[in-house]
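Working notes for the structure below.
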Amino acid sequence: MLAEMLARTLATISVMNITVSVVCYKYRPQKDGRHPLMLRVSKDGKRSYQSLGISVNLEDWDFKKNEPKLSCPDREYIQKIIIDGKSSERCPLVPV
């Protein structure tokens, strides 16, 4: 429950003009058909993407909420990775 509340709270973080969100990058699938989860960092209209190192099937991702669906088999693990990714050094403050 706590992980779910944190994931919703951290779905989009905005500080000054910087926005950090998680997206399922569906434009470049991997060889196994899964799609990578990426941190999208936006500042002043410029975007950069940073891989979280995990991927999901499209049917396991809720595109409206930008989080794994309840039916996703690795939901709790993915939410933990998302929270860790948003709060770590891997999340760049300024897009390149």
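Counting with UniProt numbering, you get residues 1 to 96 for the letters of the sequence shown.
Ideal placement from N, C-alpha and C gives every residue a C-beta, glycine not left out.
### Query
Thinking just about the alpha-carbon of each residue, which of Asn57, Thr19, Gly45, Val22 is nearest to the one in Lys31?
With distances taken between Cα atoms, Lys31 lies closest to Asn57.
### Query
Using the C-alpha atoms, what's the distance from Cys24 back to Asp60?
Cα to Cα, the separation comes out at about 10 Å.
### Buried/exposed call for Glu67, threshold 16 Cβ in 10 Å
By the 10 Å Cβ count, Glu67 comes out buried.
### Query
Any C-beta of chain D sitting closer than 8 Å to the C-beta of Trp61?
The question asks about chain D, but that chain is absent: this structure has only one protein chain.
### Task
Give the single residue among Pro73, Ser87, Pro29, Val22 whose Cα lies nearest to the Cα of Leu39.
It is Val22.
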